[in-house]
Amino acid sequence: METNSKYCYCLNQNSDYEFIKWIVELLGPVLLGVKPSEIVSFPGKDKTSLQRREAVKLMMDMSPRVSFREIDFSNRCNKILFYHVESLNHTLKEFRNLRFLKTLGYPEDYNLQIYLDHMIYKMQGGEIPHEIGVFLGYPLKDVLGFMGHPSLKLTKTNGWKVYGDPRLSDEKHRRILCAKEKVKKMLEINPPEKIIQTA
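Numbering (the UniProt record's numbering), first residue to last: 1 to 199.
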């Protein structure tokens with residue numbers, strides 16, 4: 001995961017409004033259901049960082065489609081997993097994804113909240129499990145390739161590490177970029193709160 005302050009507005013001297021706009025643009029693909037989830041780090045423990053984290057949570061409570069789960073990541077920083085309920089449910093229930101997750105110890109009986117609990121429990125130990133890629137909507141072949149599957153060779157990096165035939169990954173990446181661009185244009189004429197409520 002990126003930890004460079006360029007990618008974390010919590011660490012930069014931006015106005016609260018610009019920070020909220022950045023969060024909404026970042027979460028655009030999730031708000032539109034193109035990406036099932038996104039994880040955002042909030043590394044600061046200072047007053048401004050804590051206030052911004054609380055402002056994001058309050059704002060996202062307005063979304064009829066997106067929920068979130070806070071993760072205390074081994075006392076280093078807080079992370080929030082934002083997820084589009086319908087999209088994540090569909091992604092995890094996809095046959096190959098579900099079979100893969102079960103091989104990693106996820107329960108035989110699928111339930112979205114229980115699967116989220118299982119993944120978050122792993123993260124609270126201080127490491128991000130490889131299968132988070134499935135939760136984030138990356139193609140399973142890329143998750144397996146990242147885990148070292150011998151038949152899947154690194155093809156390129158395009159938003160994430162792509163393994164094997166890049167066509168599926170390229171299409172997914174294109175849809176994510178289009179969703180971000182769509183939300184960016186919406187932000188030019190709408191306040192962030194309206195986009196969260198109506199996207």
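Glycine included, every Cβ here is placed at the ideal spot set by N, Cα and C.
- The bridge partners DSSP lists for Ile71 are Lys79.
- In this structure, Ile71 and Val40 do not form a Cβ contact; the two beta carbons are roughly 10 Å apart against a cut-off of 8 Å.
- Cβ-Cβ distances below 6 Å link Leu168 to Pro139 in the same chain, with the five nearest sequence neighbours on each side left out; the list follows chain order.
- Just measuring C-alpha positions, the residue of Leu177, Phe146, Arg175 and Asn190 sitting nearest Val162 is Phe146.
- Just so you know, the alpha carbons of Gly164 and Lys172 end up roughly 15 Å apart.
- Bridge pairing for Phe42: Asn78 [DSSP].
- Your pair Gly33 and Arg65 checks out as a contact, with CB atoms roughly 7 Å apart and the cut at 8 Å.
- Setting aside the 5 residues that flank it on each side, Ile20 is surrounded in the same chain by Pro192, each with a C-beta closer than 6 Å to its C-beta; the list follows chain order.
- Per DSSP, reduced to three states, the secondary structure at Ser63 is coil, with no helix or strand assignment.
- For the 9 Å CB-CB criterion, Ser37 and Phe82 form a contact.
- In this structure, the beta-carbon distance from Ser67 to Val56 does not fall below 9 Å.
- Taking the Cα of Trp160 as reference, the smallest distance to any Cα among Phe95, Ser87 and Leu144 is reached at Leu144.
- Your pair Val134 and Phe100 checks out as a contact, with CB atoms roughly 7 Å apart and the cut at 8 Å.
- Spatial neighbours of Val30 in its own chain (CB-CB distance under 8 Å, excluding positions within 5 residues in sequence) are listed in chain order as Pro36, Ser37, Glu38, Val66, Phe82, Tyr83, His84 and Ser87.
- Here the C-alpha atom of Leu26 lies approximately 17 Å from the C-alpha atom of Leu58.
- In the three-state reduction of the DSSP assignment, Lys185 falls in the helix class, which pools H, G and I.
- Assigned with DSSP and collapsed to three states, Tyr138 falls in coil, not helix or strand.
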